[in-house]
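Below: the structure, in structure tokens.
Number of protein chains: 2
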Amino acid sequence: MEKYKDIGLKLTPQRLAILNYLDGNKEHPSAEDIYRALLKRFPTMSFATVYNTLETLRQRGGLIELTIDPDKKRFDPNTEPHHHLICVKCKRIVDIHGDYKLPIPNGERAGFEIIGNHIEFYGICPKCKKANSL
Amino acid sequence: MEKYKDIGLKLTPQRLAILNYLDGNKEHPSAEDIYRALLKRFPTMSFATVYNTLETLRQRGGLIELTIDPDKKRFDPNTEPHHHLICVKCKRIVDIHGDYKLPIPNGERAGFEIIGNHIEFYGICPKCKKANSL
DNA sequence: CTAGTTGCAAAATATTTGCAAAACC
DNA sequence: GGTTTTGCAAATATTTTGCAACTAG
Numbered sequence: 079m080e081k082y083k084d085i086g087l088k089l090t091p092q093r094l095a096i097l098n099y100l101d102g103n104k105e106h107p108s109a110e111d112i113y114r115a116l117l118k119r120f121p122t123m124s125f126a127t128v129y130n131t132l133e134t135l136r137q138r139g140g141l142i143e144l145t146i147d148p149d150k151k152r153f154d155p156n157t158e159p160h161h162h163l164i165c166v167k168c169k170r171i172v173d174i175h176g177d178y179k180l181p182i183p184n185g186e187r188a189g190f191e192i193i194g195n196h197i198e199f200y201g202i203c204p205k206c207k208k209a210n211s212l
Numbered sequence: 079m080e081k082y083k084d085i086g087l088k089l090t091p092q093r094l095a096i097l098n099y100l101d102g103n104k105e106h107p108s109a110e111d112i113y114r115a116l117l118k119r120f121p122t123m124s125f126a127t128v129y130n131t132l133e134t135l136r137q138r139g140g141l142i143e144l145t146i147d148p149d150k151k152r153f154d155p156n157t158e159p160h161h162h163l164i165c166v167k168c169k170r171i172v173d174i175h176g177d178y179k180l181p182i183p184n185g186e187r188a189g190f191e192i193i194g195n196h197i198e199f200y201g202i203c204p205k206c207k208k209a210n211s212l
């Protein structure tokens with residue numbers, strides 16, 4: 079929670095709830111996951127507020143927007159550089175912290191200035207593997 | 079074109095146009111890009127047909143669906159294993175063919191069966207870099 | 001007090017689907 | 001001819017936006 083404090087945003091109850099929900103969360107939730115989780119405590123919570131807060135956080139480096147899931151954006155409060163492994167069946171995402179050296183061959187850089195990278199690993203999680211073999 | 083032939087699908091004029099548009103295409107077009115490009119020659123072409131054909135192709139390994147662009151799916155007819163570099167400004171995507179070894183630390187595999195990986199490089203393309211400095 | 005935020009509803013964007021008509025093989 | 005595909009429109013899903021009311025600081 080501390081890491082979110084005072085990056086310059088008004089700490090409304092809704093935002094605190096979102097921040098609290100995200101803090102330490104390793105599930106890589108979607109906007110709807112967050113919305114639904116908070117609806118219990120904030121029956122008037124709106125999607126606008128969720129998206130609004132997520133976008134504000136993203137802009138200030140408070141979270142990372144993941145584009146791994148073809149269906150929807152997912153959000154990761156872990157802003158340390160890391161990678162992801164996604165189950166192609168159930169879309170569960172887990173963090174991968176391995177350190178990889180990824181130099182781009184000079185001929186392929188196409189004049190781009192490189193600012194980062196992200197590895198997506200694809201796989202099948204234990205639960206889906208088991209479900210498959212039943 | 080040859081590579082698309084006879085993977086078991088009916089070759090309607092619309093499909094041939096889509097296959098022809100995709101063949102050798104390095105732009106990583108979205109469904110709408112494809113739709114719009116073909117509308118000239120096929121004024122009755124519908125999105126349903128585009129999505130339909132793309133999905134059929136994907137199922138048969140005729141193309142790869144890219145989830146790099148947060149706004150929409152993009153499609154890559156190059157089914158050889160490769161990676162991508164995306165301009166965070168204009169979303170242009172270029173291919174990266176470097177060969178990378180990406181072993182997952184045992185402790186992080188979470189029991190997943192690994193079936194593949196994909197590296198996203200982020201950067202700023204020459205055009206956007208120039209536009210930025212004006 | 002006031003700039004920034006919320007909530008609602010509507011809009012925008014992306015993708016999927018039902019189904020009758022059409023067309024490939 | 002039979003199965004698959006097309007095209008249209010409607011439905012679904014996700015995300016964004018306008019704006020009046022509200023509220024944290």
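Protein chains in written order, with my numbering: chain A, 79 to 212; chain B, 79 to 212. Where is the CB? At the ideal position from N, CA and C, for every residue including glycine. Owing to the predicted nature of the structure, the values given are computational and were not obtained by experimental measurement.
Which listed residue (the options) has its alpha carbon closest to that of residue i
i	options	result
LYS151 of chain A	A:LYS208, A:PRO183, A:SER108	A:SER108
GLY102 of chain A	A:THR127, A:ILE182, A:PHE153	A:PHE153
THR157 of chain B	B:GLY194, B:LEU116, B:ASP111, B:TYR113	B:GLY194
LEU87 of chain B	B:PRO183, B:SER211, B:LEU135	B:LEU135
CYS165 of chain B	B:LYS207, B:PHE125, B:LEU117	B:LYS207
ASN130 of chain B	B:THR90, B:HIS161, B:LYS118	B:THR90
ILE182 of chain A	B:HIS161, B:SER211, B:ASN184	B:HIS161
GLU110 of chain A	A:ASN98, A:PHE125, A:ALA188, A:GLY139	A:PHE125
ALA188 of chain A	B:ALA209, B:SER211, B:MET123, B:LYS205	B:LYS205
Residue i and residue j closer than 8 angstroms at C-beta
i	j	result
GLY201 of chain B	ILE96 of chain A	no
ILE197 of chain B	LEU180 of chain A	yes
PRO155 of chain A	LEU100 of chain A	yes
PRO159 of chain A	GLU143 of chain B	no
CYS203 of chain B	PHE190 of chain A	yes
Range covered by the beta strand (DSSP E) that runs through residue i
i	result
ASP173 of chain A	171–174
ASN195 of chain A	191–202
PHE153 of chain A	152–154
Whole-angstrom C-beta distance between residue j and residue i, which should lie under 8 angstroms
i	j	result
PHE199 of chain B	LEU163 of chain B	4 angstroms
ILE171 of chain B	HIS106 of chain B	4 angstroms
GLU133 of chain B	GLY176 of chain A	Contact doesn't hold; Cβ gap of about 33 angstroms is too wide.
PHE120 of chain B	GLN92 of chain B	6 angstroms
VAL128 of chain B	ILE146 of chain B	Not quite, the Cβ-Cβ distance comes to about 19 angstroms (not below 8 angstroms), so this is no contact.
Residue range of the alpha helix (DSSP H) that includes residue i
i	result
GLU110 of chain B	109–117
ARG93 of chain A	91–100
LEU87 of chain B	Taken as a continuous stretch (DSSP letters only), LEU87 of chain B belongs to no alpha helix (DSSP H), as it is neither H nor E.
GLU143 of chain A	Per DSSP, GLU143 of chain A belongs to no alpha helix (DSSP H); it is in the beta strand (DSSP E), 142–144.
TYR129 of chain B	125–137
Identity of the residues DSSP links to residue i by a beta bridge
i	result
HIS160 of chain A	DSSP output for HIS160 of chain A lists no bridge partner at all.
CYS165 of chain B	B:GLY201
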